[in-house]
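Asks:
Protein chains: 2
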Amino acid sequence: MTETEFIAALRALPLHPGAHGLLDDAALLRASDDTLVLSTDTMVEHVHFAANLPPADIAWRLLAAALSDLAAKGARPEGVLLSITLAGDEGDAALVGGLDAALRHFGCPLLGGDTVRRAGPGAPRVHGCTAIGRATHLPVPLRTGARAGDALWVTGTIGAALLGFEVPETAPNAYRRPEPLIAHGVALAPLVPAMMDVSDGLLLDAARMAGASGLAVAIALDSIPVPQALAGEVIRAATWGDDYQLLFALAADAAPPVPATRIGAFSAGTGLSLTHAGRSVPLPDRLGYLHGG
Amino acid sequence: MTETEFIAALRALPLHPGAHGLLDDAALLRASDDTLVLSTDTMVEHVHFAANLPPADIAWRLLAAALSDLAAKGARPEGVLLSITLAGDEGDAALVGGLDAALRHFGCPLLGGDTVRRAGPGAPRVHGCTAIGRATHLPVPLRTGARAGDALWVTGTIGAALLGFEVPETAPNAYRRPEPLIAHGVALAPLVPAMMDVSDGLLLDAARMAGASGLAVAIALDSIPVPQALAGEVIRAATWGDDYQLLFALAADAAPPVPATRIGAFSAGTGLSLTHAGRSVPLPDRLGYLHGG
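First to last, the sequence lines map onto chains A and B.
The first sequence begins at 3 in the working numbering and counts up by one.
The second sequence begins at 3 in the working numbering and counts up by one.
#1: With distances taken between CB atoms, is the gap from F250 of chain A to A150 of chain A smaller than 8 Å?
#2: With 8 Å set as the bound, which would you pick, yes or no: does the beta-carbon of P126 of chain B sit closer than that to a beta-carbon of chain A?
#3: Mind checking if A74 of chain A is an interface residue toward chain B, Cβ cutoff 8 Å exclusive?
#4: Tell me, please, whether the CB atom of V49 of chain B is closer than 8 Å to any CB atom in chain A?
#5: What does DSSP give as the partner residues of S305 of chain A in its beta bridges?
#6: Counting only beta-carbon separations shorter than 8 Å, does T241 of chain A have a partner in chain B?
#7: Can you tell me whether L252 of chain A is helix, strand or coil according to DSSP?
#8: Taking only three categories from DSSP, how would you classify L113 of chain A?
#9: Nearest CA to the CA of L39 of chain B: which residue from A:R32, A:D43, A:V188, A:L40?
#10: Identify the contact partners of V236 of chain A in chain B, using a Cβ-Cβ distance below 7 Å as the criterion.
#11: Run through DSSP, which three-state label would G295 of chain A get?
#12: Under 9 Å, CB to CB, which of the residues in the stretch 15-44 of chain A have a partner in chain C?
#13: Determine, for V194 of chain A, whether the minimum Cβ-Cβ distance to residues of chain B falls below 8 Å.
#14: Going by the DSSP bridge assignment, what does P56 of chain B pair with across the sheet?
#15: Would T159 of chain A pass as a contact of A231 of chain A if the rule is Cβ separation under 8 Å?
#16: Determine, using beta carbons only, whether R63 of chain A comes closer than 8 Å to chain B.
#17: Using a cut-off of 9 Å between C-beta atoms, extract the partners of T157 of chain A located in chain B.
#18: How many angstroms separate the CA atom of P174 of chain A from the CA atom of V200 of chain A?
#19: At a Cβ cut of 8 Å, what residues of the stretch 126-152 of chain B count as close to chain A, listed as they run along the chain?
#20: Tell me whether F8 of chain B sits in a helix, a strand or coil according to DSSP, three-state version.
#21: Inspect the beta-carbon positions of L97 of chain A and A61 of chain A and report whether they are closer than 8 Å.
#22: Just checking: is the beta-carbon of A209 of chain A within a distance shorter than 8 Å of some beta-carbon in chain B?
#23: State the DSSP-derived secondary structure class of P79 of chain B, mapped to helix, strand or coil.
#24: Closer than 8 Å by beta-carbon distance: list the chain A residues that pair up with L113 of chain B, in chain order.
#25: Given this structure, state the Cα-to-Cα distance separating L206 of chain B from A176 of chain B, to the nearest angstrom.
#26: Residues in the same chain with beta-carbon distance under 6 Å from V128 of chain B, minus the five sequence neighbours each way, listed in chain order, please.
#27: Assuming V49 of chain A is part of the beta strand (DSSP E), what are its boundary residues?
#28: Could you tell me whether the stretch 66-86 of chain A touches the stretch 40-59 of chain B, using the rule of 3 or more Cβ pairs below 8 Å?
#29: Between T283 of chain A and the rest of its own chain, which residues show a CB-CB distance below 7 Å, the 5 nearest in sequence each way excluded?
#30: Tell whether a beta-carbon distance below 8 Å holds between G76 of chain A and D202 of chain A.
#31: For the pair the stretch 14-23 of chain B and the stretch 106-117 of chain B, tell me if three or more CB-CB distances fall below 8 Å.
#32: How should V169 of chain B be labelled, buried or exposed, when 16 other C-beta atoms within 10 angstroms of its C-beta is the threshold for buried?
#33: Between which two residues does the beta strand (DSSP E) harbouring V297 of chain A extend?
#34: For my contact list, A58 of chain A and A103 of chain A are in at a C-beta cut-off of 8 Å; report their separation, rounded to the angstrom.
#35: Of the choices B:D35, B:A196, B:R238, B:I184, whose alpha-carbon is the least far from that of L154 of chain B?
#36: Could you spell out the range, first to last residue, of the alpha helix (DSSP H) harbouring S215 of chain B?
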């Protein structure tokens with residue numbers, strides 16, 4: 003598709019009123035007395051998705067990753083701005099179809115964005131999504147708010163996306179169609195001093211929360227909820243990403259209002275430590291995905 | 003640089019309070035009773051910039067392009083979210099230095115963003131910028147607001163960026179260091195029914211404004227202000243992009259409050275028509291840059 007054809011196709015998607023029919027370079031957002039939550043996610047072909055991933059799945063994962071960051075702040079999506087690389091082939095129309103399906107599923111309208119062509123026929127596609135949401139509770143739970151003595155909890159299971167990626171028939175949607183946990187995030191936001199989503203690997207993300215909060219965190223590997231098929235591979239599950247579960251700190255004597263599992267605790271100090279059946283376990287060489295370098 | 007090193011370097015840049023030290027995936031923006039203006043721009047190596055453009059110039063142009071969209075809506079910059087491809091070489095540090103210089107020059111803090119690595123050593127770098135501003139006047143002038151009978155005006159000169167690109171010594175900063183015309187945009191916003199920036203070529207952008215407004219537009223080529231060195235090449239100047247001047251509609255009997263030149267008029271109908279010395283001139287094959295397809 004050409005840029006003109008692509009933008010014309012985008013006009014049939016659910017549009018935010020502030021998108022003004024995508025007839026302008028800029029989108030408008032009327033804010034009343036709100037705190038807006040903003041997050042940008044970028045996906046690179048060969049790095050974040052395989053060249054043969056269907057465009058509809060690429061679209062879904064792009065939106066889900068950005069909306070998951072809003073979920074982790076207890077924010078409801080207001081709209082997204084997209085940056086799309088046109089491939090110039092039939093995949094472009096499939097991508098529009100996928101964006102349409104995902105926006106409708108997530109109840110999130112398109113605010114605006116930009117399209118670019120790629121540097122050449124073989125150049126990797128790079129897509130970006132900036133998601134804007136409205137906070138439902140103040141203060142917004144950041145990564146920085148965990149307190150010594152808090153427990154560490156995680157929703158759902160860890161490793162479902164890994165399983166869905168490697169053995170699609172066992173978990174057909176876990177990798178290709180992740181669900182941003184907006185309702186869980188809204189329910190948790192008033193109760194949790196710190197929250198983030200698990201996008202780069204549970205161990206890495208937990209270490210980041212501890213680091214941002216100036217604390218140490220200990221995780222009991224045998225408490226991490228993994229799919230049955232990964233029962234013997236908890237380290238691998240906990241260092242893979244893409245699960246988009248919510249990871250949060252909670253006072254030691256509190257119970258969360260959503261299905262979740264207590265997997266560790268914060269304490270004074272620094273760094274991540276692991277145990278299994280009560281015994282110390284060395285850290286793996288790699289805690290998760292680190293991009294660049 | 004690794005992702006960790008790069009983000010550490012970004013922490014030394016002017017940060018928005020809502021960036022929370024870049025310790026979180028999401029940025030927070032406290033909105034009072036405002037209209038926010040949002041725009042995303044993406045730059046692809048080999049498409050939007052040459053591989054040998056210094057990283058500091060890439061950084062400047064990335065920010066200027068996004069902030070120019072805010073200028074065209076009469077909005078003042080509130081902050082930017084960046085999406086940066088790490089090259090993994092010494093250019094990464096130079097890019098951070100360029101972002102720092104540009105953010106300080108534009109008086110615009112960093113709100114957040116994302117970093118990705120490229121698919122391979124030779125893969126083109128792709129950088130994105132989502133700019134968020136606060137409108138200074140309602141209604142915000144869109145592309146859609148021109149009225150039959152309005153005159154078409156443009157600020158500055160058209161073709162300066164082309165000249166700066168082809169003959170850098172004559173216009174050293176016009177291509178590499180464009181200035182988003184924020185103050186001009188703020189001054190114009192209360193007076194103009196339609197406004198946009200000239201990023202893809204004057205003729206193409208004027209045709210877009212006319213199309214979005216459901217009108218025809220006629221432009222007198224001999225009235226377009228071009229640099230002396232391009233006096234015989236007005237079509238080439240008016241189909242090149244990157245000038246980031248402001249193009250606006252204005253009531254026929256009004257004068258703008260900023261230096262600008264009247265170059266045409268809107269009327270009922272559709273399409274772009276050109277004249278030179280009062281005589282009709284055929285349209286060039288290409289009106290400006292169209293990406294994709």
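Glycine residues also receive a C-beta, built at the ideal position from the N, C-alpha and C atoms.
Replies: In this structure, then:
#1: Cβ distance not < 8 Å, so F250 of chain A and A150 of chain A don't count as in contact.
#2: It does; some Cβ of chain A falls within 8 Å.
#3: By this cut-off, A74 of chain A is an interface position.
#4: Output row for V49 of chain B: interface = yes.
#5: The first residue shown for chain A is 3 and the last is 295, placing residue 305 of chain A beyond what the model contains.
#6: Closer than 8 Å: no.
#7: In the structure shown, L252 of chain A sits in a strand (DSSP, three-state: E or B).
#8: Residue state, collapsed to three classes: strand.
#9: In the sequence as displayed, the identity of residue 39 of chain B is Val instead of Leu. Comparing Cα-Cα distances from V39 of chain B to each of A:R32, A:D43, A:V188, A:L40, the minimum goes to A:R32.
#10: Counting only Cβ-Cβ distances below 7 Å, V236 of chain A has no contacts in chain B at all, with the closest Cβ about 24 Å away.
#11: Note on G295 of chain A: pLDDT 33, under 50, position unreliable in the model; no value is reported.
#12: No chain C appears in the structure shown, which is made up of the protein chains A and B.
#13: Not an interface residue.
#14: Paired residue(s): none; P56 of chain B is not in a bridge.
#15: With contacts defined as CB atoms closer than 8 Å, T159 of chain A and A231 of chain A fail to qualify as a contacting pair.
#16: Using a Cβ-Cβ cut-off of 8 Å, R63 of chain A does not count as an interface residue toward chain B, since no Cβ of chain B sits closer than that to its own.
#17: In chain order: nothing, as chain B lies at least about 16 Å away.
#18: Rounded to whole angstroms, P174 of chain A to V200 of chain A spans 19 Å at the Cα level.
#19: Using a CB distance below 8 Å, the part of the stretch 126-152 of chain B facing chain A consists of P126, V128, G130, T132, I134, A137, V142, L144, R145, T146, ordered along the chain.
#20: Helix.
#21: Yes, the pair counts as a contact, with Cβ atoms nearer than the cut-off.
#22: Judged by the 8 Å Cβ criterion, A209 of chain A is not in contact with chain B.
#23: P79 of chain B falls in the strand class under three-state DSSP.
#24: In chain order: L40.
#25: Note on geometry: alpha-carbon atoms of L206 of chain B and A176 of chain B lie some 20 Å from one another.
#26: These residues qualify, in order along the chain: V46, T87.
#27: Here V49 of chain A belongs to no beta strand (DSSP E), and DSSP marks it neither H nor E.
#28: Short answer: they touch.
#29: In the sequence under discussion, the amino acid at residue 283 of chain A is Val, which differs from the Thr named in the question. Cβ within range, chain order: L223, L276, T277.
#30: No, Cβ-Cβ distance for G76 of chain A and D202 of chain A is not below 8 Å.
#31: The stretch 106-117 of chain B and the stretch 14-23 of chain B touch, with three or more beta-carbon pairs separated by less than 8 Å.
#32: Exposed is the call here.
#33: In the structure as shown, chain A starts at 3 and stops at 295, and residue 297 of chain A therefore has no counterpart that could be examined.
#34: With 8 Å as the limit, A58 of chain A and A103 of chain A qualify as a contact, their Cβ atoms being about 7 Å apart.
#35: Measuring from the Cα of L154 of chain B, the nearest candidate turns out to be B:A196.
#36: Where S215 of chain B is concerned, the enclosing alpha helix (DSSP H) stretches over 204-215.
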